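One structure is given here, and the rest of the page talks about it.
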Amino acid sequence: MDSVKHLLRLLEKYRRRSRERERIDLVYSYPDTQRLMHRYYFALKYCKGNVLEVGCGEGYGLNYILRKLSGIVDHVIGGDISVDALRKVKKDSEYSGQLICLDAHFLPFRDNIFNAVIALELIEHLRYPQKFIKEVIRILKNDGALILSTPNGEVKRPIEPYHDRLFKKMELEELLLRHGFYKVDWFALPAEKEANKFISLLKYMIDLFLDLTLKNDLAYNKILNVLYKLTMSRAEKLEDINEEKLDSIFAPRRLEDLKQQKLIAWNFIIVARK
22 MDSVKHLLRL
32 LEKYRRRSRE
42 RERIDLVYSY
52 PDTQRLMHRY
62 YFALKYCKGN
72 VLEVGCGEGY
82 GLNYILRKLS
92 GIVDHVIGGD
102 ISVDALRKVK
112 KDSEYSGQLI
122 CLDAHFLPFR
132 DNIFNAVIAL
142 ELIEHLRYPQ
152 KFIKEVIRIL
162 KNDGALILST
172 PNGEVKRPIE
182 PYHDRLFKKM
192 ELEELLLRHG
202 FYKVDWFALP
212 AEKEANKFIS
222 LLKYMIDLFL
232 DLTLKNDLAY
242 NKILNVLYKL
252 TMSRAEKLED
262 INEEKLDSIF
272 APRRLEDLKQ
282 QKLIAWNFII
292 VARK
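Counting in this note's numbering, the sequence shown runs from 22 upward without gaps.
Quick look at the structure:
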């Protein structure tokens, strides 16, 4: 399985529609779109003052934060390593805040400037996660919050070659506490069952084939919709966050509550205080 993963990681670099970052107007599974919306909805309550999102991608969450917290936050800044993604934010979105091309390992801000740093589904892509955590501690104000989400490395997951590493709870908590956070609150996004490795590999290979052969997003979406229906799975196009579409089944819960409900913690959501 390791050799397969290395091969897929190589192929992933040449994809147009990499699953590494969510792309607006592409089709995803219903659970994936729900978890994405719930992550940003969850993050809202911790945003005030100066807010930075690291790994903002195409600005999916930036518009939502500005729209919902107008008059509550002072500044919202979006940062990403992809110049193309940031260009797309400027071209296609209504986001009017500041955008910065940055490397998460070296955040180009002075000390003690942000009240909240958002990093959703980012740390698993970083080669040196400890450098990122040190940088977040440096730029956060006292009592500032890091809102971080990442896949749970303790469960059986689908093929995800774009992830450098997955964290277990103990590993991530130790990393956060060791580098200066004094309090870590644990939440999680639920799932009913773990992934089947064979089925997930098959789905990934089909998606990879479609990505390499179909240049048109409309055709890509149509075929994916058909495939989801054939497997009796629900899919939907990723669009702006609409709270009326939020499904409470996928809402974040405290990690201990999730265990009592006998649900699987699919993604961790962590609020770490400086």
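Backbone N, C-alpha and C fix where the C-beta goes; we use that ideal spot for every residue, glycine too.
Note that the coordinates shown come from a computational prediction; the quantities given were computed from them, not determined experimentally.
From the DSSP output, which residues share a beta bridge with residue i?
i, result
"Val138", "Leu73 and Leu167"
"Asp101", "Cys122"
"Phe127", "Asp124"
"His96", "Asn71"
"Lys204", "Arg294"
"Pro172", "Asn288"
Considering only the beta carbon of each residue, do residue i and residue j sit closer than 8 Å?
i, j, result
"Lys11", "Leu123", "The chain is shown only over 22 to 295; residue 11 falls outside these bounds and no answer can be derived."
"Lys214", "Ile270", "no"
"Ile86", "Val75", "no"
"Ala125", "Leu107", "no"
"Lys258", "Val104", "no"
"His59", "Ala272", "yes"
"Asp132", "Ile160", "yes"
"Val157", "Leu141", "no"
"Ile244", "Phe63", "no"
"Asn288", "Thr171", "yes"
"Gly165", "Asn136", "yes"
"Ala216", "Arg178", "yes"
Please tell me whether residue i has its Cβ less than 8 Å away from any Cβ of chain C.
i, result
"Lys224", "Structure shown: chain C not included; a single protein chain is present."
Indicate the three-state DSSP secondary structure (helix, strand or coil) for residue i in the structure shown.
i, result
"Ser254", "coil"
"Asn242", "helix"
"Ser114", "coil"
"Ala212", "strand"
"Leu235", "coil"
"Leu198", "helix"
"Lys162", "strand"
Which residue marks the beginning of the beta strand (DSSP E) containing residue i, and which one marks its end?
i, result
"Ile290", "Ile285 to Arg294"
Does residue i pass the burial test, meaning 16 or more other C-beta atoms within 10 Å, or should it be called exposed?
i, result
"Leu198", "exposed"
"Tyr225", "buried"
"Leu239", "exposed"
"Thr327", "Any question about residue 327 goes unanswered here, given that the chain covers just 22 to 295."
"Leu193", "buried"
"Arg186", "exposed"
Mind checking which residues open and close the alpha helix (DSSP H) that includes residue i?
i, result
"Tyr51", "Tyr51 to Leu65"
"Leu276", "Leu276 to Gln281"
"Tyr149", "Element bounds for Tyr149: n/a, residue is neither H nor E."
"Leu87", "Tyr81 to Lys89"
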